[in-house]
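Colleague: For the working numbering, add 17 to where a residue sits in the sequence shown, where the first one is 1. Structure in structure tokens, see below.
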Amino acid sequence: MSTAQMPTAGQSILFGGDYNPEQWPRETWDEDMRLLKQAHVTSVTLNVFSWALLQPDDETYDFSMLDDIVETVTKAGLTIVMATSTGALPAWMSLKYPDVNRVDFHGRRHRHGGRHNACPSSPTYLKYAPKLAGLIAKRYASLSNLVCWHVSNEYGGYCYCDNCAARFREWLAARYGSVENLNEAWTTNFWGHTYHSFEEIFPPNELGDAVDENRSLLPALTLDYRRFMSDSVRNMYRVEKAAIREYDAETPVTTNFMLNFNDFDYFSWADDLDVVSWDCYPSYDTDPSEISMWHDLMRGLKSSPFMLMEQTPSRANWQPFNSLKKPGQMRAQSLQAMAHGADTIQFFQMRRSRAGCEKFHGAIIENDGGSDTRVFRETEELGSQLHQLGTQLVGSQVRAKVAIVFDWESWWGMLGSVGPSVSLNYLTEINRYYAELYRRHISVDMVRKTADLSGYSAVLAPCLYMVDDQTSENLHRYVRSGGRLLLTTMSSIANENDQCHLGGAPAPLRDIAGAWAEETDALAPEVSVPLLFTDADSAIPQVRPAAGSLLCDVLRTDTAHTVATYGGDDYYAGAPAVTENSFGEGRAFYVATMPDKIALSAIMDRFLAGSGVETCAPDVEAAPGIEVSTRFGADGTRYTFAIDLAGKGGDVTLSTPMSDLITGKRYETRIALGRFGVVILKA
Ligand SMILES: [Zn+2]
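Given below as structure tokens:
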């Protein structure tokens, strides 16, 4: 895995974000520059949605306004993240070349409108998008303040048109070699789906095998279509990047990823990005652990620091309830990102739009147009503090001894399955375990299933539904050589073609688990089952108010011993619910149900006992709700972030005196963090 190329603004990090002066008269631009400088903004992202302005017809290109914008921000001393504008099609192109428009899940060809609206297989798009990217690169690559290329914007969605169908058949032929192999892999004898040529296969839309956009009567078809679309849309990015590289061999190229997003396998994309960037838009009720988990996942894509390309300074507009970030919360969330590996702090956007569907989206300069607002003052304060910090944290690393395996294919496989429970949610299950580690201030790496695990003291693979031979070998190697692994119900159910493994789940990991699930019960939403933990000392089941829910595997043990059993009065009361097994030099836990917080705490105590895993900052304790996390500089310097993300404040207690990098203040033992308070401590 390559190390990310992180853009900076000289002695400061990139602080700023999307700026859309095309929406404003020129007299506004100079005032914007004055205000952005006042807020210590160091960088603007330009040209995200200007394709229709830049190219009014097939042959004509007009860069005059973009030239003026570039000149304005350059004169102001700002660095530029230059976008390629291909995130939204020009109307003339949609009308003249209908192949650029997507066909949706319902089989309808769209006309011009919206954004992220181009077909990835369109010959017209694949001609004009890289041409535009190349012309922009040719024109602006030599700018001394250009620090990053931003290809398109927030890629998302699928197309189901005839061009995509044709390319899908080619993709399938390359993957399977013959239609007989495909029939075997997809188990097409189920419900009489046997194909005699690739021409008989169509995208899984509403007119065919799809139940909905996630589920299909032939899940392997939907799974492969997801893989194909992930590859196809990644190709849209790649052709633009190649065009940029014709004129600029150096400047990092990226595109911005999104939260809770499953259209594409970001692990497979990451090698094509010089630096990962992403847009973090939590809702008012998003748990801080979920945000940290996604920051860790973005860091995990390249095992390197990342760019926080977008966040709102105050509120979004597209969520059901667009609550404001409370005073101090934007700063706390910005530094939360930094604590997990963000080396830029950027926003959408600099000046709020007057019109369009984002007219209610927050911005640094609001509609009053000035600096006398809470949001502007908070931005200015954060900008000043980041300016003080400089680039000393850039490139510092998170050191984790615990990894959670994250797998888009398992997410797709579970989404695509009809059963066993509509309440089953991959992200919820991953976060269930992440949140318990987060609560304990244990650093976590989010890794792909084929990652080298040898450096980790503990690895968790909750609901790792899809396990192929390579993954099985990887997990066997890890545990055999002394690792400890946690598996759960819905781990290792299917192979890469979504065929259930034979031999008792979690086959082929059954030997590691030392147990197998003979049956799996799905509980109604209001039902839970008590869990009785066997005390390691007395071997007598202890009655605790711990419970499982949603799914209950009825486990049979081969070589594992029982850590907890089901209580209650169902027929499987007394059967194992949590087991532990020795395998090779290592050990594996199997959790057969969805544990509540009390059960999870008991499981984690046992899982981590003797592993050497400890809190990331043993000399720092914090009140509940205060996040503690660490980054390490190349020289071994530890930076400890203590962040009140719950908005309640609380005490942080030190056993070693430390100084806050933000204020320079030295603390001996106790720090009283105010609401959304943050310290970055250095011993
Ligand atoms: Zn298409």
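Backbone N, C-alpha and C fix where the C-beta goes; we use that ideal spot for every residue, glycine too.
1. When the Cα atoms are used, what is the spatial distance from D636 to V419?
2. If you draw a straight line from the alpha carbon of M347 to that of V696, how long is it in whole angstroms?
3. Could you name the residues, in chain order, whose CB is less than 7 Å away from a heavy atom belonging to ligand 1?
4. Give, in chain order, every unbroken run of the beta strand (DSSP E) that is at least 3 residues long and sits entirely within the stretch 90-161.
5. Starting from the C-beta of S438, find all residues in its chain whose C-beta is less than 7 Å away, skip the five residues before and the five after it, and write them out in chain order.
6. For N448, which three-state DSSP category applies?
7. Given S555, which residues of its chain have a CB within under 8 Å of its CB, disregarding the five upstream and five downstream residues?
8. Using a threshold of 7 Å, is the CB atom of L234 nearer than that to any non-hydrogen atom of ligand 3?
9. Just reading off the alpha helix (DSSP H) that H518 is part of, what are its end residues?
10. Is I421 closer than 8 Å to V461 when the C-beta atoms are compared?
11. For A260, which residues from the same chain have a beta carbon less than 6 Å from its beta carbon, with the 5 sequence-adjacent residues on both sides left out?
12. Once DSSP output is grouped into helix, strand and coil, what is the label at L31?
13. Quick one: which unbroken beta strand (DSSP E) runs of 3-plus residues sit fully inside the stretch 282-366? Chain order, please.
14. For the 8 Å Cβ check, are there 3 or more pairs between the stretch 270-288 and the stretch 375-386?
15. The beta strand (DSSP E) spanning P479 covers which residue range?
16. If you draw a straight line from the alpha carbon of R126 to that of S370, how long is it in whole angstroms?
17. Do V168 and P24 have their C-beta atoms within less than 8 Å of each other?
18. Using CA atoms only, rank isn't needed, just tell me which of C480, S320, R244 and P337 is closest to Y301.
19. What are the partner residues of A659, as DSSP defines its beta bridges?
20. Hey, out of S351, T654 and A93, whose CA is closest to L399's CA?
21. Taking the straight line between their C-alpha atoms, what separation do you get for T488 and W286?
22. Whose C-beta lies closer than 7 Å to the C-beta of M18 among residues of the same chain, with five residues either side of it excluded?
23. Is the stretch 497-512 touching the stretch 592-607, taking contact as three or more C-beta pairs under 8 Å?
24. If you compare alpha carbons, which of F207, E257, A534 and C176 is closest to P220?
25. Taking its Cβ as the centre, do 16 or more other Cβ atoms sit within 10 Å of N448, making it buried, or is it exposed?
26. So what does G667 bridge to, in DSSP terms?
27. By a C-beta neighbour count over all protein chains shown, 10 Å radius and 16 as the cutoff for buried, is Y588 buried or exposed?
28. Please state whether DSSP places H493 in a helix, a strand or coil.
29. Would you call the stretch 683-694 and the stretch 658-674 in contact, with 3 or more CB pairs under 8 Å?
30. Out of curiosity, what's the CA-to-CA distance linking A21 and Q366?
31. So the beta strand (DSSP E) S599 belongs to, where does it begin and stop?
32. Using DSSP with H/G/I as helix, E/B as strand and the rest coil, what is R198?
33. Taking three-plus beta-carbon pairs below 8 Å as touching, is the stretch 28-44 in contact with the stretch 72-81?
34. Looking only at its chain, what residues have a beta carbon closer than 7 Å to the beta carbon of Y142, apart from the 5 residues adjacent to it on each side?
35. Note down, in chain order, each residue of its chain lying with its Cβ closer than 6 Å to the Cβ of H123, except the 5 sequence neighbours on either side.
36. Tell me the rounded alpha-carbon separation between Q414 and R648.
Modeller: In terms of the structure at hand:
1. 19 Å
2. 15 Å
3. R119, V120, C136, P137, S138, S139, C176, Y177, C178, N180 and C181
4. 96-100
5. A539, L567 and L568
6. helix
7. For S555, the predicted structure reports a pLDDT of 49, less than 50, and the residue's modelled location is therefore unreliable. A value from the coordinates is still provided. So the list is empty, once near-sequence residues are dropped.
8. Ligand 3 is absent from the structure shown, which contains only ligand 1.
9. That residue, H518, is in no alpha helix (DSSP H); it is neither H nor E in DSSP.
10. yes
11. P147, A150 and G151
12. strand
13. 294-296, 323-327 and 359-365
14. no
15. Element bounds for P479: n/a, residue is neither H nor E.
16. 30 Å
17. no
18. P337
19. V645 and V696
20. S351
21. 19 Å
22. Any reading at M18 must be qualified, since the residue scores a pLDDT of 42, below 50, and its modelled position is unreliable; the value itself is stated next. The residues are K319 and S320.
23. yes
24. C176
25. buried
26. L690
27. exposed
28. helix
29. yes
30. 25 Å
31. P593 to F600
32. Residue identity differs from the one stated: residue 198 is Asn in this sequence, not Arg. In the structure shown, N198 sits in a helix (DSSP, three-state: H, G or I).
33. no
34. V117, A135 and C136
35. E223
36. 5 Å
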